[in-house]
């Protein structure tokens with residue numbers, strides 16, 4: 668089983684070290700765990716937890732710069748940003 672976790676705590680620690688006040692932002696864990704649908708690992712479970720950050724666009728732009736420098740990947744949306752460690756996110760099934 669492969670794990671690829673991103674936590675709210677780890678993101679807040681990065682922002683704190685950068686001197687950014689994130690108190691106006693909200694953080695939510697996004698569970699993208701699932702099974703590989705094809706290829707060598709078909710049927711193997713992959714756990715992946717990403718973090719959604721919501722808040723004012725100016726604050727989120729600053730966060731994008733800080734977390735982007737740390738190699739995290741972002742999917743920007745109009746009202747939130749979804750952050751991931753890896754380039755292969757498991758789609759959430761609803």
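In this note's numbering, the protein residues as written are 668 to 761.
Ideal placement from N, C-alpha and C gives every residue a C-beta, glycine not left out.
Spatial neighbours of residue i in its chain, beta-carbon cut-off 8 Å, leaving aside the 5 residues before and after
i, result
"residue 729", "687"
"residue 731", "741, 743, 748"
For residue i, the first and last residue of its enclosing beta strand (DSSP E)
i, result
"residue 740", "740 to 743"
"residue 721", "712 to 721"
"residue 749", "747 to 751"
"residue 693", "693 to 698"
Straight-line Cα distance separating residue j from residue i
i, j, result
"residue 722", "residue 701", "28 Å"
"residue 680", "residue 750", "15 Å"
"residue 677", "residue 738", "13 Å"
"residue 716", "residue 706", "22 Å"
"residue 713", "residue 693", "26 Å"
"residue 689", "residue 697", "19 Å"
"residue 674", "residue 745", "22 Å"
"residue 725", "residue 682", "15 Å"
"residue 760", "residue 727", "Confidence at residue 760 is low in this model, with a pLDDT of 38, below 50, so the placement of that residue should be treated as unreliable; the coordinate-derived value is given next. About 26 Å."
Residues near residue i in its chain [Cβ-Cβ closer than 7 Å; skip 5 each side]
i, result
"residue 747", "719, 720, 721"
"residue 771", "Outside the displayed span of the chain (668 to 761) sits residue 771, for which this structure offers no information."
Chain-order list of residues whose beta-carbon lies under 6 Å from that of residue i (same chain, five-residue window excluded)
i, result
"residue 685", "733"
"residue 672", "716"
"residue 695", "719"
Endpoints, alpha helix (DSSP H) assigned at residue i
i, result
"residue 726", "724 to 736"
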